[in-house]
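Mind the numbering: the first sequence is residues 1240 to 1824 in the working numbering, read in order.
A virtual CB, placed ideally from N, CA and C, is assigned to each residue, including glycine.
Quick caveat: nothing in here was measured; it's all calculated off a predicted structure.
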Amino acid sequence: MENRMRLSKAYVPTLKEVPAEAEVVSHRLLLRGGFVRQLTRGIYTYLPLGLKTLNKVADIVRQEMNRAGAQEILMPMVQPGDLWAETGRWEFYGKELLRFKDRADRDYCLGPTHEEVVTDLVRGEVRSYRQLPLNLYQIQTKFRDEIRPRFGLMRGREFVMKDAYSFDRDEAGADASYRAMYDAYCAIFRRLGLEFRPVEADTGSIGGNFSHEFMVLADTGEDTIATCQACEYAANLEKAEVVVPVDKCDCGHDCPAFSEIPTPAKHTVDELCDFLGIEADTLIKTLLFDVDGAPVAAMVRGDRELNEIKLKNHLHATDVKLASPEQVVAWTGAPVGFAGPVGLKAANIKIIADRELDFECGWFTGANKADTHLKNVDLRRDVKLDAYADLRNITEADRCPRCGGEVKLRKGIEVGHVFKLGLKYSQAMNASFLDENGKEQIMVMGCYGIGVSRIVASAIEQNHDADGIKFPPSIAPYEVALLSLAGKDPEVAEAADKLYAELTGMGVEVLYDDRDERPGSKFKDADLMGMPMQLVLGGKGLKNGIIEAKDRRTGEKRELKLADFAGEFASWRRTVRQGWGLGVE
RNA sequence: CGGGAUGUGGCUCAGUCUGGUAGAGCGCCGCGUUCGGGACGCGGAGACCGGAGGUUCAAAUCCUCUCAUCCCGACCA
């Protein structure tokens, strides 16, 4: 890879003003810094600087994947429809799958992921247990016709992804493959210089015992993760288990019989609390769901958030959606806002309560009657429940499910996901092999994704300031920005040229701002583009035999002696990299 | 898919309500003066105002349709 560039000759169109279409920070800075340009919604061109960074991320991913024993391949982006029919996904994948026909009217799609293609590849070639395990990966452009692409590179329709697929002879082998990928991912994100957390994640429709997401921590992230302050536990909010202290109940379940209270037009928890002068944690909210076509009432305390994923998993359901107002009327006999567990109308409606509701009584609930609620409800006494379950989101007031430590909620951006596929695809597509006994076995699969282009965006979301990007040294397009403030002074220009040559000779990647611009523009552009180290050579400095060095991350400046440039630079470089948690490579 | 908003030189915007034939700043080209945190002067190039149709003597402006882009939502009773 070319490791240097003169800015005077480079296609790096920086923008002084913020393009109107960009809302989030990474998108704005990528446009302003001349890294990308948008072609159409969710689809971007990578300009030289953007591509440089993208490739650096890809290289780190590639090196660690290879180190972990995976082998790189490149599969086609265009895939035949009948392959997708084999796994049933031609039917189920939905509109994210961009479909089209060729001249012979055959069905094709643009690959949003490659389980079908890779399984087809492997089933054709692998016959014996001796050929397993196998881990194949690629770094490739994916296309998903997202409902709503947004945030620039963060959620594009076309994006670069590393996807790996492992094939093992049995569960134990699959576990080992999974572990190897988990470790490789940790190594990757450490080398990228990003603050990240592997978190336990919901396995979604794929199923399987466990799955981890790799989250880059950033306040602008769309995901919420719960992390323990004491142990290693971290989980996606949708997965994080809530532990209820069992000694909490001291009410004796001896409250008086429930009775109706009039609550005219009080539909929401807030309205009800204001009206009755009570706290939200003394009432139960009852949410009605259409679960695979059947009615379900789910209850959580008034101040809690119901977690739909937990509900879905508890019921082993495939489709959970909030009931429509019509369904609510049909099932409860009351308009929306007055549902409660006592006397629910719908036949065979399932009633599920969050676990913590078991430890108190005297609840306020809806009465299944317009403008009416109940007080003094005791779930044990008054309701026939189908189950208690962990249904709500964890909060910072809860304790770690592993060690009881303090839990903090943080925002993150999902940049990697590892999970076990089991037999889902290998069975559907008959990817089998013969074991030692000559017996046919189905391969056990795993799949492992990293959003390469999303990493670029999330690195910026995590590391920026008002002036621009602060790239970690490992993925900055160039490690050093060398600014020549020569003006008309040929001596400075000459000295800067020499430094440029010297640095590249030392194997340092340099972006050399040799443009005929005023110093202010160069400073602004350098800060914007985010190279971690800035070297500024001006007339005064040259006279005094020094060059100014600025750490973009901290803003800290120091002066390096030109007489011992190589030595002083090397030591400064070490300092800067250490600040990023990186060694010298 | 529902809601909201916006399309005017490369970029950011004004002009639209109240029709009269297009403006500013930045950027770009030339010359000169400048040169350590986005300089200044003079001269210049660049837009059939997203597209189509309509109303009108006359449309960036009014009407209809359409295309594109952005934001919010598509779960908390």
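- When Cβ pairs closer than 8 Å are counted between the two stretches, the region 1543 to 1556 is seen to touch the region 1518 to 1531, the count reaching three or more.
- Note on geometry: alpha-carbon atoms of GLU1355 and THR1279 lie some 28 Å from one another.
- Within the same chain, VAL1257, ALA1261 come within 6 Å of ARG1267 by CB-CB distance, once the 5 residues on both sides are set aside.
- Within the same chain, Cβ atoms closer than 8 Å to the Cβ of LYS1295 are found at SER1713, ILE1714, ALA1715, PRO1716, the five residues on either side in sequence being excluded.
- Using a Cβ-Cβ distance cut-off of 8 Å, the region 1602 to 1611 and the region 1562 to 1576 are in contact, since at least three pairs of beta carbons, one from each stretch, lie closer than that value.
- Here LYS1334 is exposed. Its C-beta has fewer than 16 other C-beta atoms within 10 Å.
- Closest option to GLU1477, judged by alpha-carbon separation, among TYR1424, PHE1672, ASN1552, LEU1288: ASN1552.
- Restricting attention to alpha helix (DSSP H) runs no shorter than 4 residues, the region 1517 to 1560 encloses them at 1547 to 1553, ordered along the chain.
- In the structure shown, GLU1795 adopts coil according to DSSP, grouped into three states.
- Sorting ILE1786, PHE1710, ALA1419 by C-alpha distance to the C-alpha of PRO1372 places ALA1419 at the top.
- Collapsing the DSSP output to three states places MET1314 in coil.
- ILE1785 is the residue among ILE1785, LYS1584, ALA1809 whose C-alpha sits nearest the C-alpha of GLU1798.
- In this structure GLY1350 is not in contact with PHE1398, their Cβ atoms being roughly 12 Å apart against a cut-off of 8 Å.
- The residue from ALA1562, ALA1411, ASN1632, LEU1662 with its alpha-carbon nearest to that of ALA1474 is ASN1632.
- Where SER1697 is concerned, the enclosing alpha helix (DSSP H) starts and stops at 1691 to 1701.
- Bridge pairing for GLY1707: ASP1704 [DSSP].
- A distance below 6 Å between beta-carbons, with the five flanking residues on each side excluded, links THR1292 to the following residues of its chain, in chain order: VAL1695, ILE1714, PRO1716.
- Cβ contact annotation for GLY1308 (same chain, cutoff 8 Å, sequence separation greater than five): ASN1374, ALA1419, in chain order.
- Rounded to the nearest whole angstrom, the C-alpha separation of LEU1660 and GLU1741 is 51 Å.
- Within 10 angstroms of the beta-carbon of TYR1250 lie fewer than 16 other beta-carbons, which makes it exposed.
- Contact check for VAL1747 against VAL1719 passes: the beta carbons are separated by less than 7 Å.
- A contact between stretches requires three or more CB pairs, one per stretch, nearer than 8 Å, and the region 1320 to 1340 fails this requirement with the region 1633 to 1640.
- In the DSSP assignment, PRO1771 falls outside any beta strand (DSSP E), carrying neither H nor E.
- In summary, ILE1282 is exposed, with fewer than 16 beta-carbon neighbours lying within 10 Å of its beta-carbon over all protein chains present.
- The count of Cβ pairs closer than 8 Å, one atom from the region 1653 to 1669 and one from the region 1406 to 1425, reaches three, so the stretches are in contact.
- The C-alpha of SER1697 is placed about 47 Å away from the C-alpha of LEU1583.
- Cβ neighbours of MET1770 within its own chain (closer than 8 Å, five residues either side excluded): PHE1710, ALA1715, PRO1716, TYR1717, GLU1718, VAL1719, ALA1720, LEU1750, ARG1791.
- Using a Cβ-Cβ distance cut-off of 8 Å, the region 1663 to 1673 and the region 1355 to 1367 are in contact, since at least three pairs of beta carbons, one from each stretch, lie closer than that value.
- Annotation for ALA1592: the continuous beta strand (DSSP E) segment containing it runs 1589 to 1593.
- Boundaries around LYS1782 are those of the alpha helix (DSSP H), 1778 to 1783, since no beta strand (DSSP E) includes it.
- By the criterion of a C-beta distance shorter than 6 Å, ALA1628 is surrounded in its chain by HIS1553, ILE1591, once the five residues flanking it on both sides are discounted.
- If you draw a 10 Å sphere on the C-beta of GLN1773, you find 16 or more other C-beta atoms in it, and that means buried.
- PHE1406 is a Cβ neighbour of MET1682, given a cutoff of 7 Å.
- For ASP1509, the enclosing alpha helix (DSSP H) covers residues 1508 to 1515.
- In the three-state reduction of the DSSP assignment, TRP1329 falls in the helix class.
- Between the region 1749 to 1767 and the region 1719 to 1736 there are three or more inter-stretch CB-CB distances shorter than 8 Å, so the stretches are counted as touching.
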